[in-house]
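Under UniProt numbering, the first residue of the sequence shown carries the number 1, and numbering increases by one thereafter.
Shown next, in structure tokens, is the structure this report addresses.
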Amino acid sequence: MLVVDDNRVIRQLIRVNLELEGFEVVTAADGAECLDVVHQVRPDVITLDVVMPRLDGIRTAARLRADPMTSHLPVAIISACTRYEVETGIAAGVDAFLAKPFEPAELVRVVRQLMRREGPPSLDGRHEVGRAGSTPRSARG
Numbered sequence: 001m002l003v004v005d006d007n008r009v010i011r012q013l014i015r016v017n018l019e020l021e022g023f024e025v026v027t028a029a030d031g032a033e034c035l036d037v038v039h040q041v042r043p044d045v046i047t048l049d050v051v052m053p054r055l056d057g058i059r060t061a062a063r064l065r066a067d068p069m070t071s072h073l074p075v076a077i078i079s080a081c082t083r084y085e086v087e088t089g090i091a092a093g094v095d096a097f098l099a100k101p102f103e104p105a106e107l108v109r110v111v112r113q114l115m116r117r118e119g120p121p122s123l124d125g126r127h128e129v130g131r132a133g134s135t136p137r138s139a140r141g
């Protein structure tokens with residue numbers, strides 16, 4: 001797992017919750033650092049905050065998708081998940097969204113689903129968002 005958030009407390013909160021479930025977690029403070037370490041770490045899943053210095057989460061996701069070495073990696077946005085963030089995230093290739101504040105159990109569920117790729121995790125238990133270019137499941141019925 002690669003957890004990317006500029007807020008140290010949030011980074012540690014996500015890290016601890018995932019480590020308690022047996023995940024190995026590496027952290028980065030922003031998108032630029034994420035792009036520096038992703039090839040060394042080779043994570044199974046990447047979580048990104050949206051608002052970060054140097055390189056935000058949406059642009060980071062787009063760069064991850066553009067790189068053949070990382071284009072296949074599941075990416076989740078953990079942020080306020082405004083309509084704008086979700087729409088631009090989908091366009092950038094984000095696989096899942098988790099709204100802050102989140103329940104630790106929901107974080108673990110989203111990460112596990114991304115690792116298994118058993119269908120798109122939900123935003124908050126009510127809306128499901130698929131990979132870029134697909135229609136959200138809730139919009140299909």
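Backbone N, C-alpha and C define an ideal beta-carbon position, used for all residues, glycine too.
For clarity, every value in this text was computed on a predicted model and none was experimentally measured.
For the UniProt domain "Response regulatory" (1-115), which segments carrying the beta strand (DSSP E) assignment without a break, of at least 3 residues, lie completely within its bounds, in sequence order?
2-4, 26-28, 46-48, 75-79 and 96-99
Just mark residue 31 as buried or exposed, buried being the case when its beta carbon has 16 or more other beta carbons within 10 Å.
In the sequence shown, the residue the question calls residue 31 occupies position 31. Per the 10 Å Cβ criterion, buried.
Have a look at residue 11 and residue 40 and give me their C-alpha separation to the nearest angstrom.
For the purposes of this step, residue 11 is taken as the residue at position 11 of the sequence shown. For the purposes of this step, residue 40 is taken as the residue at position 40 of the sequence shown. Near 19 Å, if we compare the C-alpha coordinates of residue 40 and residue 11.
Using alpha carbons as the reference points, say which of 93, 27 and 83 lies closest to residue 67.
Taking the sequence shown and counting its residues from 1, the one referred to as residue 67 is at position 67. Nearest option by C-alpha distance: 93.
Buried or exposed, going by whether 16 or more other CB atoms sit within 10 Å of the CB of residue 79?
On the sequence shown, position 79 is the one that residue 79 refers to. Under this definition residue 79 is a buried residue.
Does the distance from the C-beta atom of residue 37 to that of residue 29 stay below 7 Å?
The sequence position of residue 37 within the sequence shown is 37, counting from 1. The sequence position of residue 29 within the sequence shown is 29, counting from 1. The answer is no: Cβ separation not under 7 Å.
Distance, Cα to Cα, residue 110 vs residue 96?
The residue labelled residue 110 in the question sits at position 110 within the sequence shown. The residue labelled residue 96 in the question sits at position 96 within the sequence shown. Distance between the alpha carbons of residue 110 and residue 96 is about 7 Å.
Enumerate in chain order the residues of its own chain whose CB-to-CB distance from residue 82 is below 7 Å, with the five nearest sequence positions on each side excluded.
Residue 82 sits at position 82 when you count from the first residue of the sequence shown. Closer than 7 Å at Cβ, skipping near neighbours: no residue.
Mapping DSSP to helix, strand and coil, what is residue 119?
Working through the sequence shown from its first residue, we reach residue 119 at position 119. The predicted position of residue 119 is uncertain, since its pLDDT is 40 and thus under 50; no value can be drawn from it.
Rounded to a whole number of angstroms, what is the C-alpha to C-alpha distance between residue 60 and residue 52?
By 1-based counting over the sequence shown, the position of residue 60 is 60. By 1-based counting over the sequence shown, the position of residue 52 is 52. So the two alpha carbons sit approximately 10 Å from each other.
What whole-angstrom Cβ distance do residue 26 and residue 64 have, given they're in contact under 8 Å?
Taking the sequence shown and counting its residues from 1, the one referred to as residue 26 is at position 26. Taking the sequence shown and counting its residues from 1, the one referred to as residue 64 is at position 64. Incorrect: roughly 15 Å between the Cβ atoms, too far for contact.
Which whole-angstrom value is the C-beta distance of residue 114 and residue 76, which I expect to be below 8 Å?
For the purposes of this step, residue 114 is identified with residue 114 of the sequence shown, where counting begins at 1. For the purposes of this step, residue 76 is identified with residue 76 of the sequence shown, where counting begins at 1. Confirmed, about 6 Å.
Measuring alpha carbon to alpha carbon, tell me which of 16, 9 and 58 ends up nearest residue 89.
Numbered from its first residue, the sequence shown carries residue 89 at position 89. If we check each option's Cα against that of residue 89, 58 comes out closest.
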